[in-house]
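Reading through the structure tokens given below for one structure.
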Amino acid sequence: RGWVSSVADPGQLGCRIAIPDEHPRLDIANDAGTPVYAPFSGIVSRVYDDDPKKGYGIEITNEDGLSARLIHLLNRPLWNKGDEINIGQQTGFMGNTGFSFGNHLDFMLFTGPSETARDNAVDPSLFLGAVNSGDRVSW
1 RGWVSSVADP GQLGCRIAIP DEHPRLDIAN DAGTPVYAPF SGIVSRVYDD
51 DPKKGYGIEI TNEDGLSARL IHLLNRPLWN KGDEINIGQQ TGFMGNTGFS
101 FGNHLDFMLF TGPSETARDN AVDPSLFLGA VNSGDRVSW
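At position 98 of the sequence shown (counting the first as 1) the number is 98 in our numbering, and the numbers step up by one without a gap.
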């Protein structure tokens, strides 16, 4: 739950920093410690444990192969790789870890394996509906 602070798309420079290999994502801002919830049910496919770029985070993959990556959490996610998680269950708390500039959540979606931020990335608004900077979002 929070506000869209930026919409990053490979075709525009709507992010805080213009990075040549920018990827589709939503930056959702709120206070440090704001609860973060699973956007859909699935299996925890990856846990990021203080990664230099992603900080703390979690990746959830549903039965259709869609994966949600939620990164820059305040601390280690509440789940482990292989755990089953249901939509709406808390995954952790919003933070500012990794390569990050202010409390927010990077919300990304992937249709397949995602070793990099661009591999199989899809526009998160396909899941949330059309969003713009300043919109309030929750699931």
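Even for Gly, the Cβ is constructed at its ideal location relative to N, Cα and C.
Since the structure is predicted, the reported quantities are computational estimates derived from the model, not experimental observations.
(request) May I ask you to report which of helix, strand or coil DSSP gives F107? (result) strand
(request) Under 7 Å Cβ to Cβ from L66, same chain only, skipping five residues before and after it: list those, please. (result) L109, T111
(request) Look up L128 in the DSSP assignment and say whether it is helix, strand or coil. (result) helix
(request) Count the other CB atoms, across all protein chains shown, that sit within 10 Å of the CB of D119; report buried if there are 16 or more and exposed otherwise. (result) exposed
(request) Name, in chain order, the residues that DSSP records as bridge partners for R69. (result) E59, M108
(message) On the CB-based measure, 16 or more other CB atoms within 10 Å of its CB, does P10 come out buried or exposed?
(response) Residue placement at P10 is flagged as unreliable, the pLDDT there being 37, under the threshold of 50; the coordinate-derived value follows with that caveat. Answer is exposed; the Cβ neighbour count stays below 16.
(request) Confirm, please, whether the CB-CB distance from I85 to A38 is below 8 Å. (result) yes
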